[in-house]
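Numbering (this note's numbering), first residue to last: 329 to 643. Beta carbons: idealized from backbone N, C-alpha and C, even for Gly.
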(Lines of atoms letter the chains of each structure in order from A and count residues from 1; the text may use other names and numbers.)
(Lines give C-alpha, C1' and ligand atoms only; values in the text may rest on other atoms or scores of the structure.)
Protein backbone atom coordinates (compact mmCIF):
# COMPACT_ATOMS: atom_id res chain seq x y z
CA UNK A 1 0.00 0.00 0.00
CA UNK A 2 1.20 3.54 -0.75
CA UNK A 3 1.78 6.04 2.00
CA UNK A 4 -0.54 8.92 2.73
CA UNK A 5 0.67 12.47 2.14
CA UNK A 6 2.22 14.00 5.27
CA UNK A 7 0.23 16.24 7.53
CA UNK A 8 1.54 19.62 8.68
CA UNK A 9 4.74 21.44 7.84
CA UNK A 10 7.91 19.44 7.17
CA UNK A 11 11.41 20.44 6.08
CA UNK A 12 12.37 18.96 2.72
CA UNK A 13 15.46 16.75 3.07
CA UNK A 14 18.64 17.52 1.11
CA UNK A 15 20.66 14.44 2.02
CA UNK A 16 20.51 10.95 3.51
CA UNK A 17 22.64 9.18 6.08
CA UNK A 18 23.74 5.67 5.06
CA UNK A 19 23.67 3.63 8.28
CA UNK A 20 25.39 0.67 6.62
CA UNK A 21 26.80 -1.62 9.31
CA UNK A 22 26.95 1.03 12.06
CA UNK A 23 24.80 -1.27 14.24
CA UNK A 24 27.94 -3.41 14.78
CA UNK A 25 30.53 -0.74 15.74
CA UNK A 26 33.05 -3.29 17.06
CA UNK A 27 33.18 -5.02 13.65
CA UNK A 28 33.90 -1.94 11.50
CA UNK A 29 37.61 -2.74 11.09
CA UNK A 30 36.96 -6.43 10.47
CA UNK A 31 34.25 -5.69 7.87
CA UNK A 32 36.50 -3.16 6.15
CA UNK A 33 39.21 -5.83 5.83
CA UNK A 34 36.79 -8.48 4.54
CA UNK A 35 35.14 -6.20 1.96
CA UNK A 36 38.50 -4.81 0.82
CA UNK A 37 39.87 -8.32 0.22
CA UNK A 38 36.68 -9.29 -1.65
CA UNK A 39 36.87 -6.12 -3.79
CA UNK A 40 40.52 -6.81 -4.68
CA UNK A 41 39.65 -10.44 -5.58
CA UNK A 42 36.80 -9.20 -7.81
CA UNK A 43 39.04 -6.65 -9.56
CA UNK A 44 41.96 -9.06 -10.10
CA UNK A 45 39.83 -12.10 -11.01
CA UNK A 46 37.63 -10.30 -13.53
CA UNK A 47 40.58 -8.34 -14.98
CA UNK A 48 42.39 -11.65 -15.58
CA UNK A 49 39.37 -13.04 -17.44
CA UNK A 50 39.16 -9.88 -19.59
CA UNK A 51 42.87 -10.12 -20.44
CA UNK A 52 42.70 -13.87 -21.20
CA UNK A 53 39.70 -13.50 -23.52
CA UNK A 54 41.60 -10.78 -25.41
CA UNK A 55 45.06 -12.35 -25.74
CA UNK A 56 44.50 -16.12 -25.96
CA UNK A 57 43.62 -17.35 -29.49
CA UNK A 58 41.74 -20.35 -28.05
CA UNK A 59 39.30 -18.00 -26.28
CA UNK A 60 38.36 -15.99 -29.38
CA UNK A 61 34.83 -17.42 -29.53
CA UNK A 62 31.37 -15.93 -28.85
CA UNK A 63 31.17 -17.70 -25.47
CA UNK A 64 34.35 -16.02 -24.22
CA UNK A 65 33.49 -12.72 -25.91
CA UNK A 66 30.38 -12.55 -23.71
CA UNK A 67 32.36 -13.78 -20.68
CA UNK A 68 34.80 -10.87 -21.22
CA UNK A 69 31.86 -8.46 -21.37
CA UNK A 70 30.40 -10.02 -18.25
CA UNK A 71 33.68 -9.60 -16.34
CA UNK A 72 33.92 -5.94 -17.44
CA UNK A 73 30.38 -5.44 -16.21
CA UNK A 74 31.14 -7.05 -12.84
CA UNK A 75 33.97 -4.56 -12.23
CA UNK A 76 31.63 -1.65 -13.03
CA UNK A 77 28.80 -3.17 -10.97
CA UNK A 78 30.75 -3.63 -7.72
CA UNK A 79 32.53 -0.28 -8.12
CA UNK A 80 29.16 1.48 -7.77
CA UNK A 81 28.71 0.27 -4.18
CA UNK A 82 31.88 -1.18 -2.63
CA UNK A 83 34.21 1.90 -2.64
CA UNK A 84 31.51 3.94 -0.91
CA UNK A 85 30.93 1.10 1.60
CA UNK A 86 34.67 0.93 2.37
CA UNK A 87 34.80 4.70 2.84
CA UNK A 88 31.80 4.68 5.20
CA UNK A 89 33.35 1.94 7.33
CA UNK A 90 36.32 4.27 7.98
CA UNK A 91 34.48 7.46 8.97
CA UNK A 92 31.77 8.80 11.24
CA UNK A 93 30.14 11.13 8.69
CA UNK A 94 28.08 8.93 6.35
CA UNK A 95 25.99 11.64 4.74
CA UNK A 96 25.18 11.26 1.05
CA UNK A 97 23.58 14.04 -1.01
CA UNK A 98 20.39 13.46 -3.02
CA UNK A 99 22.37 13.80 -6.27
CA UNK A 100 25.04 11.30 -5.17
CA UNK A 101 22.35 8.90 -3.91
CA UNK A 102 20.35 9.18 -7.15
CA UNK A 103 23.52 8.69 -9.24
CA UNK A 104 24.50 5.59 -7.26
CA UNK A 105 21.01 4.12 -7.59
CA UNK A 106 20.89 4.86 -11.33
CA UNK A 107 24.20 3.16 -12.14
CA UNK A 108 23.41 0.26 -9.83
CA UNK A 109 20.09 -0.33 -11.63
CA UNK A 110 21.60 0.07 -15.11
CA UNK A 111 24.47 -2.35 -14.43
CA UNK A 112 22.07 -4.75 -12.67
CA UNK A 113 19.77 -4.78 -15.72
CA UNK A 114 22.77 -5.22 -18.02
CA UNK A 115 23.85 -8.24 -15.95
CA UNK A 116 20.41 -9.83 -16.36
CA UNK A 117 20.54 -9.30 -20.14
CA UNK A 118 24.14 -10.53 -20.55
CA UNK A 119 23.40 -13.69 -18.53
CA UNK A 120 20.39 -14.27 -20.83
CA UNK A 121 22.56 -13.73 -23.93
CA UNK A 122 25.15 -16.18 -22.57
CA UNK A 123 22.37 -18.76 -22.10
CA UNK A 124 21.24 -18.18 -25.71
CA UNK A 125 24.83 -18.66 -26.91
CA UNK A 126 25.05 -22.01 -25.06
CA UNK A 127 21.62 -22.99 -26.44
CA UNK A 128 22.72 -22.42 -30.05
CA UNK A 129 26.11 -24.12 -29.47
CA UNK A 130 24.60 -27.29 -27.99
CA UNK A 131 21.20 -27.53 -29.69
CA UNK A 132 22.29 -26.29 -33.17
CA UNK A 133 26.05 -27.00 -33.32
CA UNK A 134 26.23 -27.12 -37.15
CA UNK A 135 24.59 -23.69 -37.50
CA UNK A 136 26.48 -22.15 -34.56
CA UNK A 137 29.19 -20.35 -36.63
CA UNK A 138 26.51 -18.96 -38.97
CA UNK A 139 24.14 -17.78 -36.24
CA UNK A 140 26.65 -16.47 -33.66
CA UNK A 141 28.78 -14.46 -36.07
CA UNK A 142 30.93 -11.58 -34.85
CA UNK A 143 28.51 -8.83 -35.92
CA UNK A 144 25.57 -10.40 -34.05
CA UNK A 145 27.70 -10.86 -30.92
CA UNK A 146 28.68 -7.17 -30.95
CA UNK A 147 25.05 -6.14 -31.53
CA UNK A 148 23.82 -8.35 -28.67
CA UNK A 149 26.49 -7.01 -26.30
CA UNK A 150 25.71 -3.40 -27.27
CA UNK A 151 21.99 -4.06 -26.73
CA UNK A 152 22.67 -5.53 -23.26
CA UNK A 153 24.79 -2.54 -22.20
CA UNK A 154 22.43 0.14 -23.51
CA UNK A 155 18.87 -1.20 -23.10
CA UNK A 156 18.53 -0.34 -19.40
CA UNK A 157 19.84 3.25 -19.74
CA UNK A 158 16.69 5.19 -20.79
CA UNK A 159 14.29 3.20 -18.58
CA UNK A 160 16.31 3.77 -15.43
CA UNK A 161 16.89 7.47 -16.09
CA UNK A 162 13.11 7.97 -15.93
CA UNK A 163 12.68 5.48 -13.07
CA UNK A 164 15.38 7.08 -10.87
CA UNK A 165 14.00 10.55 -11.62
CA UNK A 166 10.49 9.47 -10.53
CA UNK A 167 11.79 8.00 -7.24
CA UNK A 168 13.77 11.12 -6.32
CA UNK A 169 10.87 13.37 -7.33
CA UNK A 170 8.93 12.00 -4.34
CA UNK A 171 8.80 14.25 -1.26
CA UNK A 172 11.29 13.28 1.47
CA UNK A 173 10.44 15.22 4.61
CA UNK A 174 10.75 12.83 7.54
CA UNK A 175 13.67 10.70 8.80
CA UNK A 176 16.78 10.73 6.61
CA UNK A 177 18.56 7.61 7.86
CA UNK A 178 18.85 4.89 5.18
CA UNK A 179 19.19 1.52 6.91
CA UNK A 180 21.37 0.14 4.14
CA UNK A 181 24.94 0.34 2.82
CA UNK A 182 23.96 1.88 -0.54
CA UNK A 183 21.04 3.72 -2.14
CA UNK A 184 18.84 0.77 -3.10
CA UNK A 185 15.16 1.19 -3.99
CA UNK A 186 13.39 -0.42 -0.96
CA UNK A 187 15.22 1.58 1.79
CA UNK A 188 14.89 4.87 -0.14
CA UNK A 189 11.15 4.35 -0.66
CA UNK A 190 10.60 3.72 3.06
CA UNK A 191 11.72 7.34 3.70
CA UNK A 192 9.37 8.92 1.14
CA UNK A 193 6.46 10.73 2.75
CA UNK A 194 4.36 11.04 -0.41
CA UNK A 195 2.19 8.39 -2.08
CA UNK A 196 4.51 5.63 -3.35
CA UNK A 197 1.84 3.27 -4.74
CA UNK A 198 2.51 4.04 -8.43
CA UNK A 199 6.28 3.73 -7.93
CA UNK A 200 5.79 0.37 -6.21
CA UNK A 201 3.68 -0.87 -9.13
CA UNK A 202 6.34 0.40 -11.55
CA UNK A 203 9.00 -1.53 -9.59
CA UNK A 204 7.07 -4.76 -10.14
CA UNK A 205 6.62 -4.03 -13.87
CA UNK A 206 10.31 -3.27 -14.38
CA UNK A 207 11.35 -6.24 -12.22
CA UNK A 208 9.21 -8.54 -14.38
CA UNK A 209 10.70 -7.11 -17.61
CA UNK A 210 14.32 -6.99 -16.41
CA UNK A 211 14.52 -9.91 -13.96
CA UNK A 212 11.65 -12.39 -14.32
CA UNK A 213 11.42 -12.60 -18.13
CA UNK A 214 15.21 -13.00 -18.62
CA UNK A 215 15.24 -15.60 -15.82
CA UNK A 216 12.42 -17.56 -17.50
CA UNK A 217 14.22 -17.35 -20.88
CA UNK A 218 17.39 -18.71 -19.24
CA UNK A 219 15.43 -21.57 -17.63
CA UNK A 220 13.73 -22.34 -20.96
CA UNK A 221 17.11 -22.39 -22.72
CA UNK A 222 18.56 -24.77 -20.16
CA UNK A 223 15.60 -27.14 -20.33
CA UNK A 224 16.35 -27.54 -24.06
CA UNK A 225 20.12 -27.61 -23.47
CA UNK A 226 19.89 -30.38 -20.85
CA UNK A 227 17.50 -32.32 -23.07
CA UNK A 228 20.01 -32.11 -25.95
CA UNK A 229 22.97 -33.02 -23.72
CA UNK A 230 21.21 -36.17 -22.48
CA UNK A 231 20.79 -37.27 -26.11
CA UNK A 232 24.54 -37.07 -26.82
CA UNK A 233 25.94 -40.57 -27.52
CA UNK A 234 29.34 -39.96 -25.89
CA UNK A 235 29.69 -39.80 -22.09
CA UNK A 236 32.74 -37.53 -22.56
CA UNK A 237 30.68 -35.20 -24.76
CA UNK A 238 27.93 -35.05 -22.15
CA UNK A 239 30.43 -34.31 -19.38
CA UNK A 240 32.09 -31.52 -21.39
CA UNK A 241 28.74 -29.93 -22.31
CA UNK A 242 27.56 -30.07 -18.68
CA UNK A 243 30.81 -28.51 -17.41
CA UNK A 244 30.55 -25.50 -19.75
CA UNK A 245 26.91 -24.92 -18.74
CA UNK A 246 27.06 -25.65 -15.01
CA UNK A 247 29.27 -22.63 -14.21
CA UNK A 248 26.80 -20.31 -15.94
CA UNK A 249 23.87 -21.92 -14.13
CA UNK A 250 25.57 -21.45 -10.74
CA UNK A 251 26.10 -17.73 -11.43
CA UNK A 252 22.49 -17.36 -12.63
CA UNK A 253 21.13 -19.07 -9.48
CA UNK A 254 23.18 -16.84 -7.13
CA UNK A 255 22.40 -13.54 -8.87
CA UNK A 256 18.74 -14.01 -9.82
CA UNK A 257 17.83 -15.85 -6.62
CA UNK A 258 18.82 -13.01 -4.29
CA UNK A 259 17.55 -10.32 -6.72
CA UNK A 260 14.09 -11.89 -7.05
CA UNK A 261 13.75 -12.21 -3.25
CA UNK A 262 14.64 -8.52 -2.76
CA UNK A 263 12.51 -6.92 -5.50
CA UNK A 264 9.56 -9.25 -6.05
CA UNK A 265 8.54 -10.29 -2.56
CA UNK A 266 5.72 -8.35 -0.82
CA UNK A 267 6.72 -5.03 0.76
CA UNK A 268 5.24 -6.10 4.11
CA UNK A 269 7.87 -8.87 4.40
CA UNK A 270 10.85 -6.53 3.95
CA UNK A 271 13.22 -6.60 6.92
CA UNK A 272 16.11 -4.12 6.82
CA UNK A 273 18.66 -6.53 8.33
CA UNK A 274 17.68 -9.38 5.97
CA UNK A 275 17.66 -7.03 2.96
CA UNK A 276 21.23 -5.94 3.77
CA UNK A 277 22.44 -9.54 3.94
CA UNK A 278 20.65 -10.52 0.71
CA UNK A 279 21.99 -7.39 -1.01
CA UNK A 280 25.52 -8.47 -0.09
CA UNK A 281 24.92 -11.61 -2.15
CA UNK A 282 24.11 -9.94 -5.45
CA UNK A 283 26.34 -6.86 -4.98
CA UNK A 284 29.52 -8.41 -3.58
CA UNK A 285 29.45 -12.20 -3.02
CA UNK A 286 28.26 -13.24 -6.51
CA UNK A 287 30.76 -10.99 -8.36
CA UNK A 288 33.53 -12.51 -6.20
CA UNK A 289 32.53 -16.08 -7.04
CA UNK A 290 32.05 -15.45 -10.78
CA UNK A 291 35.74 -15.49 -11.82
CA UNK A 292 36.41 -18.39 -9.42
CA UNK A 293 33.48 -20.40 -10.86
CA UNK A 294 34.37 -19.66 -14.49
CA UNK A 295 38.08 -20.42 -13.99
CA UNK A 296 37.91 -23.53 -11.85
CA UNK A 297 35.07 -25.13 -13.82
CA UNK A 298 36.40 -24.32 -17.28
CA UNK A 299 39.41 -26.21 -18.65
CA UNK A 300 39.97 -23.77 -21.55
CA UNK A 301 40.23 -20.81 -19.16
CA UNK A 302 42.54 -22.76 -16.83
CA UNK A 303 44.85 -23.70 -19.73
CA UNK A 304 44.86 -20.08 -20.95
CA UNK A 305 45.58 -18.87 -17.40
CA UNK A 306 48.55 -21.24 -17.02
CA UNK A 307 50.00 -20.11 -20.37
CA UNK A 308 49.52 -16.45 -19.45
CA UNK A 309 51.15 -16.85 -16.01
CA UNK A 310 54.10 -18.75 -17.54
CA UNK A 311 54.63 -15.92 -20.03
CA UNK A 312 54.50 -13.38 -17.21
CA UNK A 313 57.05 -15.36 -15.13
CA UNK A 314 59.43 -15.72 -18.09
CA UNK A 315 59.39 -11.99 -18.91
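- DSSP lists 425 as the bridge partner or partners of residue 343.
- Residue pairing of residue 505 in beta bridges, as defined by DSSP: 345.
- Annotation: residue 540 is outside any alpha helix (DSSP H) and is labelled neither H nor E by DSSP.
- Around residue 455, the same chain offers 549, 552, 553 as residues with beta carbons nearer than 7 Å, after the five sequence neighbours per side are excluded.
- Residue 579 places its beta carbon less than 9 Å from that of residue 614.
- Rounded to whole angstroms, residue 400 and residue 457 show a C-alpha spacing of 23 Å.
- In the three-state scheme derived from DSSP, where H, G and I count as helix and E and B as strand, residue 483 is classed as coil.
- DSSP places residue 389 in the coil class of the three-state scheme, outside both helix and strand.
- Rounded to whole angstroms, the separation of the alpha carbons of residue 427 and residue 495 is 12 Å.
- If you check the CB distance, residue 349 and residue 519 do not come in under 9 Å.
- The beta carbon of residue 498 is closer than 6 Å to those of 520, 522 in its chain, skipping five residues each way along the sequence.
- In the structure shown, residue 354 falls within a helical segment according to DSSP collapsed to helix, strand and coil.
- In the DSSP assignment, residue 518 falls within the alpha helix (DSSP H) that extends over 513-518.
- The residue from 411, 485, 432, 422 with its alpha-carbon nearest to that of residue 442 is 485.
- For the pair residue 468 and residue 453, the CB atoms are nearer than the 9 Å cut-off.
- Around residue 418, the same chain offers 360 as residues with beta carbons nearer than 7 Å, after the five sequence neighbours per side are excluded.
- Annotated three-state conformation of residue 395 is helix, per DSSP.
- Rounded to whole angstroms, the Cβ separation of residue 363 and residue 413 is 6 Å, and the two are in contact under 8 Å.
- Contact between residue 603 and residue 590 holds: CB atoms are separated by about 6 Å, below the 8 Å threshold.
- With contacts defined as CB atoms closer than 9 Å, residue 393 and residue 473 qualify as a contacting pair.
- One Cα belongs to residue 605, the other to residue 570, and the distance between them is close to 31 Å.
- With respect to the C-alpha of residue 500, the residue from 487, 510, 515, 445 having the closest C-alpha is 515.
- Boundaries of the alpha helix (DSSP H) harbouring residue 465: 464-467, taken from the DSSP string.
- Residue 588 and residue 643 have their C-alpha atoms spaced approximately 47 Å apart.
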